[in-house]
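>
Residue numbers (the UniProt record's numbering): 1 to 469.
#1: Could you check what DSSP says for residue 386 in three-state terms: helix, strand or coil?
#2: Assuming the contact rule is C-beta atoms closer than 8 Å, residue 69 and residue 78 should be a hit. Round their C-beta distance to whole Å, please.
#3: For residue 287, tell me which candidate among 169, 85, 418 and 26 has the shortest Cα-Cα distance.
#4: For residue 449, which residues does DSSP report across the bridge?
#5: Is it the case that the Cβ atoms of residue 209 and residue 308 are separated by a distance below 8 Å?
#6: Within the continuous beta strand (DSSP E) that includes residue 321, where are the two ends?
#7: Would you give the residue range spanned by the beta strand (DSSP E) that residue 400 belongs to?
#8: How many Å lie between residue 157 and residue 35 at the Cα?
#9: If you draw a straight line from the alpha carbon of residue 135 to that of residue 73, how long is it in whole angstroms?
#10: Which residues in the same chain have their Cβ closer than 8 Å to the Cβ of residue 276, if we skip the five residues on either side of it in sequence?
#11: Given residue 363, which residues of its chain have a CB within under 6 Å of its CB, disregarding the five upstream and five downstream residues?
#12: Between residue 379 and residue 89, which are expected to be in contact by the criterion C-beta below 8 Å, what is the C-beta distance as a whole number of angstroms?
#13: Enumerate, from N- to C-terminal direction, the unbroken beta strand (DSSP E) stretches of 3 or more residues contained entirely within the region 346-378.
#14: By Cβ distance below 8 Å, which residues in the same chain neighbour residue 180 in space, the five residues on each side in sequence not counted?
#15: State the Cα-Cα distance for the pair residue 435 and residue 413, rounded to the nearest angstrom.
#16: With residue 208 as the anchor, note down where its beta strand (DSSP E) starts and where it stops.
#17: By how many angstroms is the C-alpha of residue 313 removed from the C-alpha of residue 137?
#18: Taking the alpha carbon of residue 392 as the point to measure from, which residue in 430, 342 and 39 has its own alpha carbon closest?
#19: Are residue 361 and residue 335 touching if we call contact CB-CB under 8 Å?
#20: To the nearest angstrom, how far is the alpha carbon of residue 215 from that of residue 241?
#21: Below 8 Å between beta carbons: does that hold for residue 71 and residue 40?
#22: Among the residues of its own chain, which have a CB less than 6 Å from the CB of residue 25, if the five just before and after it don't count?
#23: Assuming contact is defined by CB atoms lying nearer than 8 Å, are residue 429 and residue 116 in contact in what I supplied?
#24: Nearest to residue 421 by alpha carbon, out of 152, 256, 438 and 427?
#25: Please report the residue range of the beta strand (DSSP E) in which residue 215 lies.
#26: Quick one: grab the DSSP three-state call for residue 62.
#27: CA-CA distance, residue 98 and residue 190?
#28: So the candidates are 383, 103 and 426; which of them puts its Cα closest to the Cα of residue 416?
#29: Mapping DSSP to helix, strand and coil, what is residue 326?
#30: For the beta strand (DSSP E) containing residue 420, list its first residue and its last residue.
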């Protein structure tokens with residue numbers, strides 16, 4: 001193998017065109033692994049780290065960079081790639097240290113310099129916020145004063161006067177479909193009311209579904225607003241007779257995260273006892289800075305609104321329990337045995353996700369096919385096997401677990417002998433040509449049924465708003 005990079009490039013060129021982008025990255029990582037087995041080098045480990053980073057396996061990317069640096073302590077590309085992975089995980093101090101190493105040697109590297117400036121700014125801001133923090137996250141809506149904001153007569157969008165109505169929500173979604181903006185008065189109003197409501201909600205929210213009633217669970221949406229509307233077209237609009245649970249990752253990556261989240265928040269306010277929202281790992285500052293939502297909010301609304309979203313997201317419930325038998329969370333199970341539903345209920349959620357513990361695992365963990373636990377490829381949470389799912393269900397008198405967080409080719413996968421079900425509702429996610437799906441349950445048997453879902457209605461990416469890789 002005289003030129004490994006050339007051989008890998010040739011091999012990738014032979015990958016079928018129908019293979020998804022994610023599949024090509026997985027294939028590339030596999031080829032780098034084969035080359036490493038033949039003759040390991042810092043270059044190969046760092047290139048595999050790049051593939052893992054782009055897939056979203058930040059933990060494996062860091063591991064590969066560490067291996068690269070063990071072979072060549074001065075390999076700058078490994079420091080740069082490791083810094084990128086650290087930033088994706090919100091570990092800005094570690095990222096800053098690596099970036100300082102890069103720019104000391106290559107002060108004219110504009111990409112590294114830009115990343116260093118951004119990372120340094122975040123570290124300083126975090127230190128300032130920690131110094132002035134209080135026990136309660138406060139949103140000063142009096143300063144915003146949404147009630148005093150005047151709506152110009154020329155504004156052609158929906159108007160919310162009096163109680164929130166289904167007509168307003170329908171008019172708002174139709175307005176969004178035409179790519180028209182909601183007036184800032186009503187944007188602030190929705191955020192104020194959803195914040196006040198979510199503050200009253202528990203970390204683990206119990207849901208009761210009456211015998212004979214249908215209940216729908218949707219997975220990741222990721223700002224794909226038109227696909228959200230497609231779900232409603234297929235499965236019916238939310239109502240007291242047609243309840244929904246959206247299981248986190250409402251925003252980021254898709255170009256219409258603002259429209260998506262306002263639609264979901266409006267339905268939550270309209271049907272507070274029949275429309276439910278779980279927090280995902282992307283309802284967090286770190287992910288929103290890296291993957292587009294913060295930039296989109298600043299572009300479409302303002303920096304103040306981005307700050308408000310940050311605080312609102314902290315009050316979203318972490319998980320739901322349907323009829324005391326079906327446990328629903330975004331990510332998965334825990335790094336330790338013996339976690340009870342009461343332990344989850346007593347978990348403080350009003351914060352940014354920590355790097356470990358119950359809250360971290362609920363948002364970040366993934367299943368694995370074999371028994372036991374392993375470190376997460378993502379760098380946070382863990383990978384848990386079928387024995388872990390079965391034990392958690394039996395110890396907490398559950399029938400099964402529903403989670404999201406992972407793209408599946410058909411949008412759905414039954415795992416761990418039926419103790420676990422993964423649902424993903426964003427079709428053609430980032431151009432990967434996957435299908436989306438949703439689950440329907442009917443009481444009292446609560447058997448999960450995934451109906452077929454069509455392909456994406458529209459595909460647009462907010463590259464303008466995303467942080468550089």
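C-beta atoms are modelled at their ideal positions from N, C-alpha and C, and glycine is treated no differently. Here the structure is a predicted model, which is why all the values come from computation and not from measurement.
Let me spell this out:
#1: helix
#2: 5 Å
#3: 85
#4: 440
#5: no
#6: 319-322
#7: 400-403
#8: 58 Å
#9: Unreliable positioning characterises residue 135 in this predicted model, as indicated by a pLDDT of 46, which lies under 50. A coordinate reading is not provided.
#10: 205, 207, 243, 244, 245, 246, 268, 317 and 320
#11: 281, 330, 331 and 353
#12: 5 Å
#13: 373-375
#14: 156 and 157
#15: 12 Å
#16: No beta strand (DSSP E) holds residue 208; DSSP gives it neither H nor E.
#17: In this prediction, residue 137 has a pLDDT of 49, which is less than 50 and means its spatial position is unreliable; what the coordinates show is noted afterwards. Cα to Cα, residue 137 sits roughly 11 Å from residue 313.
#18: 342
#19: yes
#20: 9 Å
#21: yes
#22: 51, 54 and 55
#23: no
#24: 438
#25: 214-218
#26: helix
#27: 41 Å
#28: 383
#29: strand
#30: 420-423
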